[in-house]
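Data first, discussion second: the structure below is written as structure tokens.
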Amino acid sequence: TFKRATLWLGGQRVKGTNKWEWTDGRPVKYTRWNRGEPNNANNNENCIQFYSNGGGYSGKWNDYPCHVSEHGVCEIWLKDTRLNEKDMKLTEVDAKMN
């Protein structure tokens, strides 16, 4: 559990709606909003913030103003590195040694 942390998750409100999307345009399907969120306080909370206070609200989401600076979380897609039979070109000698 985090003691106290806030992070920008890379999500934002689709302009003029109550729908959310990631920075790459994919819709936000999974949510973990804190109770009463998103509430769009002052009509300017259009980004998704991860919030943890180390208590009962650990790991919840909050909508907050996009101009507020936060550390961010990145998602990195890795290429599948599993080998298949085509990648393995064993000689008869290699096969006997293994």
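Using the working numbering, you'd call the opening residue of the sequence shown number 1298 and step up by one each time. Even for Gly, the Cβ is constructed at its ideal location relative to N, Cα and C.
By alpha-carbon distance to V1365, the top candidate from Y1348, N1339 and C1344 is C1344. About 6 angstroms separates the Cβ atoms of N1350 and R1301, confirming a contact at the 8 angstroms cut-off.
The criterion of a C-beta distance shorter than 7 angstroms is satisfied by Y1348 and T1303. With a cutoff of 7 angstroms on beta-carbon distance, D1360 and E1334 are scored as near each other. For W1305, the closest C-alpha among the options I1373, D1377, K1316 and G1369 is that of G1369. W1305 has Q1346 and G1369 as its beta-bridge partners, per DSSP.
Note that the C-beta distance between W1358 and R1329 is below 7 angstroms.
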